[in-house]
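K.L.:
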Amino acid sequence: MNEKTIGLVIARVILGITFALHGLAKFQDGINGTAEFFSSVGIPSFLAYIVAGIELVGGILMVLGIFTKVVAALLIVIMLGAIGTVKYSMGFLDGFELDLALLALAVVAFTTNSWTQWFAFTPPTKAE
Numbered sequence: 001m002n003e004k005t006i007g008l009v010i011a012r013v014i015l016g017i018t019f020a021l022h023g024l025a026k027f028q029d030g031i032n033g034t035a036e037f038f039s040s041v042g043i044p045s046f047l048a049y050i051v052a053g054i055e056l057v058g059g060i061l062m063v064l065g066i067f068t069k070v071v072a073a074l075l076i077v078i079m080l081g082a083i084g085t086v087k088y089s090m091g092f093l094d095g096f097e098l099d100l101a102l103l104a105l106a107v108v109a110f111t112t113n114s115w116t117q118w119f120a121f122t123p124p125t126k127a128e
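Residue numbers (UniProt numbering): 1 to 128.
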């Protein structure tokens, strides 16, 4: 495994941990509050359960390097939704800068094959 691949794995794991913890927080803090917030900004409240589930389970899968591209695609949709419905109007700082960074990492995860590698599960290829 080369330095580029190691860097991408570390970034993938950090992205996964970040989303898993955000999803867990939505459940621990009371998913009904998240559902009410969604409803207050015009998003159907049932989507709070779906988003929190994707963040939690998808984050864990991202850490493990399982279904990375599928999870990344779902996270891209979530981040675009968050930016477009709430965060953009708050401005860059204290608004959508973190969401934009997470979106960028999810795009890299979606478009880069090296992100699917996990230390012990996938041997390095000759192309690396």
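Each residue gets a CB set at the ideal place from its N, CA and C atoms; glycine is no exception.
Roughly how many angstroms lie between the CA atoms of M79 and L102, to the nearest whole one?
P.N.:
Taking the first residue of the sequence shown as 1, we reach residue 79 at position 79. Taking the first residue of the sequence shown as 1, we reach residue 102 at position 102. So the alpha carbons of these two residues sit roughly 7 Å apart.
K.L.:
Let me know the alpha helix (DSSP H) ranges lying completely inside the segment 26 to 67, each 4 residues or longer, listed in chain order.
P.N.:
For the segment 26 to 67, whole alpha helix (DSSP H) runs of length 4 or above, ordered along the chain, are 31 to 40 and 47 to 64.
K.L.:
Which residues mark the beginning and the end of the alpha helix (DSSP H) in which F110 is found?
P.N.:
Here residue 110 refers to the residue found at position 110 of the sequence shown. Taken as a continuous stretch (DSSP letters only), the alpha helix (DSSP H) holding F110 covers E97 to T111.
K.L.:
Nearest CA to the CA of V107: which residue from F46, V70, D94 and S45?
P.N.:
Indexing the sequence shown from 1 puts residue 107 at position 107. Out of F46, V70, D94 and S45, V70 has the C-alpha closest to the C-alpha of V107.
K.L.:
Give me the Cβ distance between A52 and K26, rounded to the nearest whole Å; I'm assuming they're in contact under 8 Å.
P.N.:
Walking along the sequence shown from the start, residue 52 turns up at place 52. Walking along the sequence shown from the start, residue 26 turns up at place 26. Between K26 and A52 the Cβ distance is about 4 Å, and since that is below 8 Å, they are a contact.
K.L.:
Pick helix, strand or coil for G91, following the three-state DSSP scheme.
P.N.:
Your numbering for residue 91 matches position 91 in the sequence shown. Coil.
K.L.:
Of the residues L8, I17 and L56, which one's Cα is nearest the Cα of F110?
P.N.:
Reading the sequence shown from its first residue, position 110 is the one you call residue 110. Per the Cα distances, L8.
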